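Using the working numbering, read the sequence shown as starting at 33 and increasing by one per residue. Working notes, beginning with the structure itself.
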Amino acid sequence: MQRLFTGLLGSICLFTATTGLSSADALLERGRALMNGVAACGNCHMARDEQGKPIPERGLSGGMKFDDGPFVAYAANITPDRETGIGRWTDKQLFRAIREGIRPDGSLIGPPMPIELYRGMADADLKAIIAYLRAAPAVGNKVPKSEYKMKLPPNYGPPVGKVTAPARKDLVRYGAYLAGPLGHCLECHTPMENGRRDYADKSGAGGFVFKGPWGASVARNLTSHESGLKNWTDAEIARAIREGVSRDGSKLKPPMAFAFYRNIGDQDMKALIAFLRTLKPVPLGGK
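This is the structure:
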């Protein structure tokens, strides 16, 4: 049933009607589908050992280290543990933290949390993710405080009002929603300009280097440029996203969340690819 629902992301009402689930159960299932699919929050927040391998029994208790030069950040514990996680946070506080990057104490959440993109996450989907987090096992894990050498902005913009997801039948717009606010694909695959992602001119051009236990990996160019996806078929793109296999048969490296993206349903994959096809051609890294 989870696989079925993954293929029907955005169809909570239909799912409820056809399965007899209550609205609360349907919300939780939507959250489960998002978290185990395109949102893939566990790709960063799942507890890992020193070799970077997931520790499933420790759940979303965080601790993953991001050493990026301008900052050393640690993924937060987002389990309902009351002492080291989000157990004392209200839904309203979680809503604000995820979508606006502001903790209950007023402090700002810094990179690599893609707050600029999360600001566009629909109310219904954010509520579903919070429902999933509430139902997850509480795991005690005190995560080190992140340190930033760079200057953080005072905020990520004005308070966000009501947000509704695009209609799923509008493939390009819904694909943009999946690749942006939900899956934050563009966060990793867009070069930076003056300390910020250049979504206006270099969206999806790749080139960013990620270092980790796997060594170093370079974000691929997702635009229709020769150095990007111009010559790729839809099937090759889907295989790369779900299985981590490039068109030449080589294995792609983390931090791509293949363990989660393999659950993306066919209709959502079709929307993602339709959107990627619209990205203007830009050389790898925007250079």
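Cβ coordinates follow ideal geometry from the N, Cα and C atoms, glycine included. These numbers come from a predicted model, not from an experiment.
With a cut-off of 8 Å on Cβ pairs, the segment 82-92 is not in contact with the segment 296-308, counting fewer than three such pairs.
Scanning P144, A108, L60 for the CA closest to the CA of K177 turns up A108. The alpha-carbon separation between K285 and C76 amounts to approximately 15 Å.
Annotation for V241: A248, V250 place their beta carbon closer than 7 Å to its own, counting only its chain and skipping 5 residues before and after. Contact between E219 and P146 holds: their C-beta atoms lie close to 4 Å from each other, under 8 Å. For V104, the uninterrupted beta strand (DSSP E) run begins and ends at 103-106, by DSSP. The C-alpha of L254 lies about 15 Å from the C-alpha of R229.
Put simply, of P245, K262, A289 the residue whose alpha carbon is nearest the alpha carbon of E275 is A289. The beta carbons of I296 and G69 sit about 5 Å from each other, so the pair counts as a contact at 8 Å. If you look at G74, you'll find it isn't in any beta strand (DSSP E); it sits in the alpha helix (DSSP H) that goes 74-77.
By the neighbour-count criterion, in which a residue is buried when 16 or more other Cβ atoms sit within 10 angstroms of its Cβ, W246 is exposed. Boundaries for V277: no alpha helix (DSSP H) harbours it, and the DSSP string shows neither H nor E there. By the CB criterion at 8 Å, G152 and E115 fall outside the cutoff. If you look at D99, you'll find it in the beta strand (DSSP E) that goes 97-99.
The shortest C-alpha to C-alpha distance from F292 to any of A56, M67, S54 is the one to M67. Non-local C-beta neighbours of P223 in its own chain, meaning closer than 7 Å and more than five positions away in sequence, comprise D230, K234, A237, G239, F240, G317, G318, ordered along the chain. Pairing L158 with F127 gives a Cβ-Cβ distance under 8 Å.
Going by beta carbons, A71 and I161 fall inside the 8 Å limit. Taken through DSSP and simplified to helix, strand or coil, R80 comes out as strand.
A residue is called buried when at least 16 other Cβ atoms come within 10 angstroms of its Cβ; A167 does not meet this threshold and is exposed. Comparing alpha carbon positions, the residue from G244, Q299, S282 closest to D266 is Q299.
Taking 8 Å as the upper bound for CB-CB distance, V175 and G95 are in contact here, some 5 Å apart. Taking the Cβ atoms as the reference, A197 lies roughly 4 Å from A154, within the contact range of under 8 Å.
Across the structure, S54 and A65 are spaced so that their CA atoms are roughly 16 Å apart. With fewer than 16 other Cβ atoms inside 10 Å of its own Cβ, E179 counts as exposed. Scanning its chain for C-beta atoms nearer than 7 Å, with the 5 sequence neighbours on each side dropped, one finds around Y188 the residues E132, G133, I147, E148, R151, in chain order. The beta carbons of R279 and E268 sit about 4 Å from each other, so the pair counts as a contact at 8 Å. Setting aside the 5 residues that flank it on each side, G215 is surrounded in the same chain by V70, each with a C-beta closer than 6 Å to its C-beta; the list follows chain order. Non-local beta-carbon contacts of A170 in its own chain, meaning distances under 8 Å to residues more than five positions away in sequence, involve T111, P112, D113, R114, G117, G119 in chain order.
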